[in-house]
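Engineer: This is the structure I want to talk about, given as structure tokens.
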Amino acid sequence: MRWVCSCALLLMVLDSAVAVPAWRKHTTLAPVDTRSHRGLARSKRYAINPLGYKWEHFNVTYKITKFPNTLNKEDTRKAISIAFTKWSDVSPLTFTEITNPNKSADITIGFYTYNHTDCWWSPLHPCFDGLNGELAHAFLPPRGDIHFDNHEFWILGKSRFSWKQGVWLNDLVQVAAHEIGHALGLWHSQDPNALMHPNATYTGQRNIAQDDIWGIRRLYGCMDKKRVCDPWARLGFCERRRSFMKKNCPQRCDLCYEPLDAVSTPTPPPENVKIKIVPRGKVVGFRCGTKNIRVPPKVSWYKDGEQLLTSIPGYIVIKDRDLRLVANEFNEGTYTCRIHRRGNVVSANSWAIRLKPEQSSNNS
């Protein structure tokens, strides 16, 4: 039986860096919306962080500060370089490794054991959990750090199970490419073919998919060297001269052909909402249901009627019946959990999070 991996990342919330667990080997595939828009066979499913965090320059540097125990430095550098190249091939970004220990870099990469950096005291930055657990996690810009679990067995090659060693050998290129996407500002995609899908390793996806390309170009622009595709599109060439645009502005930019968002049906508003007014920055937790249940139930979480398929990096941590969040402007809203049994909803709870007004510091 093949292990299934999922991932999440770390995020800067206002002035604080927080994180959620990432790349675990026991998470099942999340539901994917397969509906199309106006007959199109594809739909945009990528997601960028809601605050638009990204690097403000195109020449991004990185440094490997701690190397893994199971892979030599040469192969580690090669794997990380290949992973970065996947993104530079489809975006205006370039990546340069900094090897001088006295020079800083935009993205710092390291392989760590249990307790590392600030995970001991940060409420949403998990420490690593040892072999066969969390593989890696990453911070969004402007921090952009990437952490790998040094308890895992990393290789330069496709992931596979070693019967001789009795462990999984993890594809460093694939996991690194996914985490780099987060470090550049991308969240998880709902497209099962995307490298940024939370369970990309389940399908063995190692390459950048079209959905990944749309996402990274939404943040940083396209590879239109002559910068003519965007003006042509604004002049209406996509509709009036479609063949011309398809020939001169192919998937390098794809301004004309990116499908619109699929229309989703929100859930009805919940009843008996408990209102919580909390100060900004406070960590708030909820538990779905009030009774101790021997058999773990199937739980679904919603924010303002939209289902939360996975944890929202740096903002919301979902673990079965429990949900944690850091109170801020983005997290204001109504959260609903539902417990399902045999296809029926047997219990539901709702909470509304409101920020406590801040008192003015001006003295009159």
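Numbered per mature numbering (1 follows the signal peptide of the UniProt record, and there is no 0), the sequence shown spans residues -19 to -1, 1 to 345.
Backbone N, C-alpha and C fix where the C-beta goes; we use that ideal spot for every residue, glycine too.
Note that the structure is a prediction, hence the values are computed from the model and not measured.
Give a yes or no on whether the C-beta atoms belonging to tyrosine 93 and histidine 132 are separated by under 7 Å.
Structural biologist: Not in contact: tyrosine 93 and histidine 132 (Cβ atoms no closer than 7 Å).
Engineer: Which residue from Arg322, Asp152, Arg268 and Trp332 puts its Cα closest to that of threonine 312?
Structural biologist: The displayed chain sequence assigns asparagine, not threonine, to residue 312. Among Arg322, Asp152, Arg268 and Trp332, the Cα nearest to that of asparagine 312 belongs to Trp332.
Engineer: Classify phenylalanine 39 as buried or exposed, calling it buried when 16 or more other Cβ atoms lie within 10 Å of its own Cβ.
Structural biologist: Its Cβ having fewer than 16 others within 10 Å, phenylalanine 39 is exposed.
Engineer: What do you reckon, are the CB atoms on glutamine 155 and arginine 187 nearer than 7 Å?
Structural biologist: A contact, by the Cβ cut-off of 7 Å.
Engineer: Please identify the residue among Gly147, Ser69, Gly217 and Gln288 whose C-alpha is closest to the C-alpha of aspartate 193.
Structural biologist: Comparing Cα positions, the closest option is Ser69.
Engineer: I'd like the list of long-range same chain contacts for tryptophan 36, defined as Cβ closer than 6 Å, with 5 residues on each side in sequence excluded.
Structural biologist: Taken in chain order, the residues that qualify are Pro122.
Engineer: For serine 85, count neighbouring Cβ atoms within 10 angstroms of its own Cβ and tell me buried if that reaches 16, exposed if not.
Structural biologist: That one is exposed.
Engineer: Can you name the start and end residues of the alpha helix (DSSP H) that lysine 59 belongs to?
Structural biologist: That run of the alpha helix (DSSP H) goes 54 to 69.
Engineer: Under a three-way DSSP split, which group does aspartate 172 fall into?
Structural biologist: Here aspartate 172 sits in coil by DSSP.
Engineer: In the DSSP assignment, the beta strand (DSSP E) including cysteine 334 goes from what residue to what residue?
Structural biologist: At residue 334 the sequence reads isoleucine, which differs from the cysteine that was named. Element bounds for isoleucine 334: 325 to 336.
Engineer: What does the alpha-carbon distance come out to for the pair asparagine 325 and tryptophan 149?
Structural biologist: About 37 Å.
Engineer: Should cysteine 269 and arginine 302 be called a contact, given that it needs their Cβ atoms to be closer than 7 Å?
Structural biologist: Yes, they are a contact pair.
Engineer: What does the Cβ neighbour count give for serine 143, buried or exposed, with the cut at 16 atoms within 10 Å?
Structural biologist: Classification for serine 143: exposed.
Engineer: Smallest Cα separation from proline 338: which of Ala64, Glu310, Ala329 and Ile320?
Structural biologist: The shortest C-alpha separation from proline 338 is found at Glu310.
Engineer: Locate the alpha helix (DSSP H) running through alanine 164, then write down its first and last residues.
Structural biologist: Alanine 164 -> alpha helix (DSSP H) spans 153 to 164.
Engineer: Judging by CA-CA distance, which residue of Pro49, Gly185, Phe65 and Lys44 is the nearest neighbour of asparagine 83?
Structural biologist: With distances taken between Cα atoms, asparagine 83 lies closest to Lys44.
Engineer: State the Cα-Cα distance for the pair cysteine 318 and phenylalanine 120, rounded to the nearest angstrom.
Structural biologist: Answer to the nearest angstrom: the Cα atoms are 27 Å apart.
Engineer: Sorted by chain position, which residues of the same chain lie with C-beta nearer than 7 Å to phenylalanine 76's C-beta, five sequence neighbours on each side aside?
Structural biologist: The residues are Val41, Tyr43, Phe65 and Ser69.
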